[in-house]
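Enquirer: Those sequence lines, one after another, are chains L and B. For the first sequence, position 73 matches number 73 in full-length UniProt numbering, and the numbering has no gaps at all. For the second sequence, position 112 matches number 112 in full-length UniProt numbering, and the numbering has no gaps at all.
There are 2 protein chains.
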Amino acid sequence: MTGVKDNTGGQTRIQRDKIAQISEAALDVFSTHGFRGATVDQIAKAASLSKPNLLYYFPSKEAIHTHLLENLLDTWLDPLRQINPDGDPLDEILTYVRRKLTMSRDMPRESRLFAYEIIQGAPNMGAGLEEVLKPLVDGQAQVIRGWMEDGRLRPADPHHLIFSIWSLTQHYADFDVQVRTVLGPKVTDPFPQAEDYLVTLFTRMLAP
Amino acid sequence: MTGVKDNTGGQTRIQRDKIAQISEAALDVFSTHGFRGATVDQIAKAASLSKPNLLYYFPSKEAIHTHLLENLLDTWLDPLRQINPDGDPLDEILTYVRRKLTMSRDMPRESRLFAYEIIQGAPNMGAGLEEVLKPLVDGQAQVIRGWMEDGRLRPADPHHLIFSIWSLTQHYADFDVQVRTVLGPKVTDPFPQAEDYLVTLFTRMLAP
DNA sequence: GTCTATAACACGATAGAC
DNA sequence: GTCTATCGTGTTATAGAC
Chain L
1 MTGVKDNTGG QTRIQRDKIA QISEAALDVF STHGFRGATV DQIAKAASLS KPNLLYYFPS
61 KEAIHTHLLE NLLDTWLDPL RQINPDGDPL DEILTYVRRK LTMSRDMPRE SRLFAYEIIQ
121 GAPNMGAGLE EVLKPLVDGQ AQVIRGWMED GRLRPADPHH LIFSIWSLTQ HYADFDVQVR
181 TVLGPKVTDP FPQAEDYLVT LFTRMLAP
Chain B
1 MTGVKDNTGG QTRIQRDKIA QISEAALDVF STHGFRGATV DQIAKAASLS KPNLLYYFPS
61 KEAIHTHLLE NLLDTWLDPL RQINPDGDPL DEILTYVRRK LTMSRDMPRE SRLFAYEIIQ
121 GAPNMGAGLE EVLKPLVDGQ AQVIRGWMED GRLRPADPHH LIFSIWSLTQ HYADFDVQVR
181 TVLGPKVTDP FPQAEDYLVT LFTRMLAP
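#1: Flag E70(L) as yes if its beta-carbon sits less than 8 Å from any beta-carbon of chain B, otherwise no.
#2: Taking CB distances under 8 Å as the criterion, tell me whether V97(B) reaches chain L.
#3: So, is the C-beta of S167(L) closer than 8 Å to a C-beta in chain B?
#4: For A127(B), which of helix, strand or coil comes out of DSSP?
#5: Does the region 117-127 of chain B come close enough to the region 156-168 of chain L that 3 or more CB-CB pairs lie under 8 Å?
#6: Note down, in chain order, all residues in the region 169-181 of chain B with a beta-carbon under 7 Å from any beta-carbon belonging to chain L.
#7: Pick helix, strand or coil for M107(B), following the three-state DSSP scheme.
#8: Tell me, please, whether the CB atom of G163(L) is closer than 8 Å to any CB atom in chain B?
#9: Mind pulling the chain B residues with CB within less than 7 Å of K134(L)?
#10: I believe R112(B) touches A173(B) by the beta-carbon criterion, under 8 Å. Please report the beta-carbon distance rounded to the nearest angstrom.
#11: Going by C-alpha to C-alpha distance, which of A44(L), G37(L), G87(L), L27(L) sits closest to N71(L)?
#12: Compare the beta carbon distance of H65(B) and R36(L) with 8 Å and say whether it is the shorter of the two.
#13: Are the C-beta of T188(B) and some C-beta of chain L separated by less than 8 Å?
#14: With a threshold of 8 Å on Cβ separation, who are the neighbours of W147(L) within its own chain once the five nearest residues in sequence on each side are excluded?
#15: Can you check which of these residues, I43(L), I19(L), A20(L), Q21(L), is closest to F30(L) by C-alpha distance?
#16: Starting from N53(B) and walking both ways along the alpha helix (DSSP H), at which residues does that stretch end?
#17: Which residues mark the beginning and the end of the alpha helix (DSSP H) in which S31(L) is found?
#18: Does the Cβ of T188(L) have 16 or more other Cβ atoms within 10 Å, making it buried, or fewer, making it exposed?
#19: Leaving aside the five residues before and after R109(L) along the sequence, list all residues of the same chain whose C-beta is less than 7 Å from its C-beta, in chain order.
#20: Buried or exposed for E92(B), going by 16 or more other Cβ atoms inside 10 Å?
#21: Which residue comes first and which comes last in the alpha helix (DSSP H) that contains F175(L)?
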């Protein structure tokens, strides 16, 4: 009983707030410039903190980055986790596609942070990929494979199906500049078009 | 007639060779660490040159990077350029998909260099996107649209069709680590599987 | 708990001998 | 044309006053 703590997990309220504040700023900076491109100065300024003060809450620049990635993976995989084995197969897939596309629209910074990390060879996420992502994907791939074997979806490799959903939805976040340049200034929001296209694509691919 | 020059474009043979040698090394380093993550030291070492000697051939680190990107764009868009308006529509699309996937397999460094640049907002390629990529895409999108209007392909947004081909094929280069982790060590080469999947996907999407 | 000052280092780029 | 030595800057991280 310390009396001075008001926490969930060994942190005071102030610490929790500051850490959240730094995380928010760091997400901004890391997702724009990458890990090496980002500087502690930038993050401190974005968080309205002095640099030494920031380094009081996190021991190093890398610690901030790792903290962000650790918290991100669960959020990022949540839509995949929500695929319901008892639902209608095509509905479940299309709902998954829509959720992932919505995340690309509403969380482009997280998408880019993730993309930077994977492109670089996931130097700060080795355990997460092997121990969290792979088992989840394998499990849901089995569910999808079951649907295909029951004739409720047209057959296709379930792992590559999941890859394709990731790839296509995240493209609209990570390559936003390219998408907007090609579509031209008249298209203020590419996402409704993207949703129509992707629903059509996966319906034609999977509807029995 | 200078006599000492053996060139195509105002460079001696030695200069041309060294520049090629530096470009090769820089592609390695930039595609692994990104622009900011790469150091001139690393590039010089990879090119078996001293740092000052490298900076004798290129005025700055940024100049090397720009040089790479300028030479890359044409190569990168070549498969799209080769779509033949007089060919069989589905064949042309599937050939394009296969070519792009082959490039992901054989030129993953170029793919990553490109991905880094676009994710960052294309700070060194603003002109190229607007003046080279967009016109080419618009032109080929018109060809595809014509095929769809003639009933030779099922209708779909041609711009997003091209986005999806880019996204899916480049995914296997840029997110290689993730793909291999999920597929597991038994799959030594993901590309044959990927080709099968993508051919199926676009055939079901487009075959009339 | 927060700030100023600064250490310690790596980086890009240059100068000058050879 | 190539090398060694080095400058100046920007960076992470720490020490110590308040």
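Glycine included, each C-beta is placed from N, C-alpha and C at the ideal position. Values in this document were obtained by computation on a predicted structure and should not be read as measured data.
Expert: Taking the coordinates as given:
#1: Here residue 70(L) is taken as the residue at index 70 of the first sequence, counted from 1. Output row for E70(L): interface = no.
#2: Locating residue 97(B) in the second sequence gives position 97, where the first residue counts as 1. For V97(B), no CB of chain L lies under 8 Å from its own CB, so it is not counted at the interface with that chain.
#3: The residue labelled residue 167(L) in the question sits at position 167 within the first sequence. Any Cβ of chain B closer than 8 Å to the Cβ of S167(L) would place that residue at the interface, and such an atom is present.
#4: As a position in the second sequence, residue 127(B) is number 127, starting the count at 1. Correct three-state label for A127(B): helix.
#5: no
#6: H171, D174, F175, V177, Q178, V179, T181
#7: In the second sequence, the residue the question calls residue 107(B) occupies position 107. Three-state result, M107(B): coil.
#8: For this step, residue 163(L) is matched to residue 163 along the first sequence. The displayed chain sequence assigns Phe, not Gly, to residue 163(L). So yes, F163(L) belongs to the interface.
#9: Within the first sequence, numbered from 1, the residue matching residue 134(L) stands at position 134. Those within 7 Å of K134(L) in chain B are T181, V182.
#10: Locating residue 112(B) in the second sequence gives position 112, counting from the first residue. Locating residue 173(B) in the second sequence gives position 173, counting from the first residue. Yes, R112(B) and A173(B) are in contact; Cβ-Cβ is about 7 Å, under 8 Å.
#11: Indexing the first sequence from 1 puts residue 71(L) at position 71. Nearest C-alpha to N71(L): L27(L).
#12: As a working mapping, residue 65(B) is identified with position 65 in the second sequence. As a working mapping, residue 36(L) is identified with position 36 in the first sequence. No; because the gap between Cβ atoms is not below 8 Å, this pair is not in contact.
#13: Position 188 of the second sequence holds residue 188(B). No, T188(B) does not count as interfacial toward chain L.
#14: For the purposes of this step, residue 147(L) is taken as the residue at position 147 of the first sequence. The residues are P89, L153.
#15: Working through the first sequence from its first residue, we reach residue 30(L) at position 30. The option with the nearest alpha carbon to F30(L) is I43(L).
#16: Residue mapping note: residue 53(B) aligns to position 53 of the second sequence, counting from 1. Unbroken alpha helix (DSSP H) run through N53(B): 51-57.
#17: Here the question's residue 31(L) lines up with position 31 in the first sequence. Run containing S31(L): 13-37, per the alpha helix (DSSP H) assignment.
#18: Within the first sequence, numbered from 1, the residue matching residue 188(L) stands at position 188. Exposed: under 16 other Cβ atoms inside 10 Å.
#19: Within the first sequence, numbered from 1, the residue matching residue 109(L) stands at position 109. If we look at R109(L) and ignore the five residues flanking it on each side, its Cβ neighbours are L27, D28, S31.
#20: Working through the second sequence from its first residue, we reach residue 92(B) at position 92. Counting Cβ neighbours within 10 Å, E92(B) comes out buried, since at least 16 surround it.
#21: Indexing the first sequence from 1 puts residue 175(L) at position 175. First-last for F175(L): undefined, no H or E at that position.
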